[in-house]
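In my numbering, the protein residues as written are 1120 to 1520.
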């Protein structure tokens, strides 16, 4: 085990070690709950989160029993864990297992919150890419906000082999609540006046990216054909100071729990209309992400932080998407309202080698069998394309002038 004074080595294989101190507590909790219903008493034992060396982030990954437990109001209880406080929770399982039908709930302030469906994560690197070598698949992250316990139940079907509960406390830095810099303020004013320049971007340093978690060098697309829109599903009621922590949690989950080389998205947009740089390699460059399985090689991925099935994207969020998409497509010489002929590298919707015509700005559901980016964002795609086209045209004329 790495001590806090040693260099960080949180590679894709090391995360299993974080569960070791918690394994006994997890087993105790699972065993104690077999004798009576889940609602009868709080979980036994306590999972301890360990701080990533040199970081404000703490985490634990706990292998849980797949042996059926007692019924928990309509489902079979799979796991019940008390823990240190955490802000994000997800489930992972062995790669190749059938997508599970699971639910979870968290305890916050002494009360259990409602059960919610665990959504399978459909983002990911293309097969054959070096970062697709991880041996785990997982769910979307759920924002738990200062929870201290979690329960998981099976809604139907079987529990996947190697089921693991991932608990993350993204921590808080003074910089998370800092005001915008003068340069960001000036860039926002220029764009508010309709000038189709590069939109104001908040770099990786602002959300606290620990560059030691990345593996390998960034890879790049040869050309840009599309902008794919996503939603992160995890929360809709977060505050401004919560956003850097939410991104840090996603970053840690993607790199350490799933084994990707970096956070999957190229950019993230919050509900306040702020644009954050995700994957490293240079926001002006064609960095290949891990956001749209089968179509990462010719695209850029923009994720809205929130659940756009449950909540409507704010006008500020939509405007930020318009600015970002128009900027990237203008640099590539592609019209936002056009379509591109793209060859799939293999998704659950389009087989490897299949050539499809797709909108230049589309939703994740257009390429994969998923509800992403949420129906309330997906329904605004026609508006986003029209507005991006107007902005794109102004940029082309400006360049010619």
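We put the CB at the ideal spot given by N, CA and C, even for glycine. Given the structure is predicted, the values throughout are model-derived calculations rather than measurements.
At the C-beta level, residue 1420 and residue 1347 come within 8 Å of one another. Within the model, the alpha-carbon separation for residue 1382 versus residue 1302 is close to 25 Å. A contact is defined here as three or more CB-CB pairs under 8 Å, and the region 1497-1507 meets this definition with respect to the region 1443-1457.
CA-CA distance, residue 1243 to residue 1374, rounds to 11 Å. Where residue 1363 is concerned, the enclosing alpha helix (DSSP H) starts and stops at 1362-1371.
Approximately 6 Å separates the beta-carbon atoms of residue 1482 and residue 1500; this is inside 8 Å, confirming the contact.
A straight line joining the alpha-carbon of residue 1467 with that of residue 1493 spans about 18 Å. With distances taken between CA atoms, residue 1486 lies nearest to 1464 out of 1272, 1356, 1464. Along the region 1345-1430, the alpha helix (DSSP H) occurs as fully enclosed runs of 4 or more residues at 1362-1371, listed in sequence order. No alpha helix (DSSP H) of 4 residues or more sits fully in the region 1228-1297.
Where residue 1209 is concerned, the enclosing beta strand (DSSP E) starts and stops at 1195-1213.
Check the Cα spacing between residue 1275 and each of 1512, 1193, 1329: the tightest is with 1193. Note that the C-beta distance between residue 1474 and residue 1424 is not below 8 Å. Residue 1200 holds the alpha-carbon nearest to the alpha-carbon of residue 1283 among 1397, 1200, 1299.
A straight line joining the alpha-carbon of residue 1417 with that of residue 1196 spans about 42 Å.
Inclusion of residue 1396 and residue 1320 in the CB contact set at 8 Å is warranted, their separation being smaller than that value.
Between residue 1413 and residue 1245, the C-beta spacing is below 8 Å. Counting along the chain, no alpha helix (DSSP H) covers residue 1175, and no H or E run does either.
Three or more beta-carbon pairs separated by less than 8 Å are not found between the region 1328-1343 and the region 1210-1227, which leaves the two stretches without contact. In the three-state reduction of the DSSP assignment, residue 1485 falls in the helix class, which pools H, G and I. Approximately 26 Å separates the beta-carbon atoms of residue 1353 and residue 1252; this is outside 8 Å, ruling out the contact.
Taking C-beta separations shorter than 6 Å and ignoring five residues to either side along the sequence, the partners of residue 1306 in its chain run 1319, following chain order. Judged by DSSP in its simplified three-state form, residue 1434 adopts helix. For residue 1220, the pairing in a beta bridge is given by DSSP as 1275. For residue 1324, the enclosing alpha helix (DSSP H) starts and ends at 1323-1326. For residue 1265 against residue 1204, the beta-carbon gap comes to about 5 Å, under 8 Å, which counts as contact.
For residue 1317, same chain residues with a beta-carbon under 7 Å away, outside a window of 5 residues either side, are 1446 in chain order.
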